[in-house]
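For the sequence shown, position 12 (counting from the first letter as 1) is numbered 12 according to UniProt numbering, and the numbering increases by one without interruption.
In this text, a Cβ means the ideal position worked out from N, Cα and C, and glycines have one as well.
What follows is a set of notes on a single structure, which appears directly below.
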Amino acid sequence: MPTINIQLFEGRTVEQKREYAKALTEATVKVLGCSPSAVDIIFQDVKKSDWASGGELWSDKT
Numbered sequence: 001m002p003t004i005n006i007q008l009f010e011g012r013t014v015e016q017k018r019e020y021a022k023a024l025t026e027a028t029v030k031v032l033g034c035s036p037s038a039v040d041i042i043f044q045d046v047k048k049s050d051w052a053s054g055g056e057l058w059s060d061k062t
């Protein structure tokens, strides 16, 4: 069973996550040949102040 962990900046709607989960599940089934019920997706909302790239917090970027 594949488990896919997705980390996103907070603010996505439930509908966006629902659509993304459906697309990821369909792609996983196509590529890995598993059943849709075997695909688990975990969404983690992250504040921009808790994420840094290149040594800079996203909350500090303009």
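Residues near residue i by beta carbon distance below 8 Å, same chain, minus five either side
i	result
Ser35	Val29
Phe9	Asp45, Val46, Lys47, Lys48, Trp51 and Trp58
Glu15	none
Rounded separation between residue i and residue j - CA only
i	j	result
Asp40	Ile4	6 Å
Gly33	Glu56	40 Å
Tyr20	Gly11	14 Å
Contact set for residue i: own chain, Cβ-Cβ below 6 Å, skip 5 residues either direction
i	result
Ile6	Phe43
Cβ separation of residue i and residue j, assumed to be a contact under 8 Å, to the nearest whole Å
i	j	result
Ala38	Met1	4 Å
Cβ neighbours of residue i in the same chain (closer than 7 Å, five flanking residues each side left out)
i	result
Thr13	none
Leu24	Ile4 and Ile41
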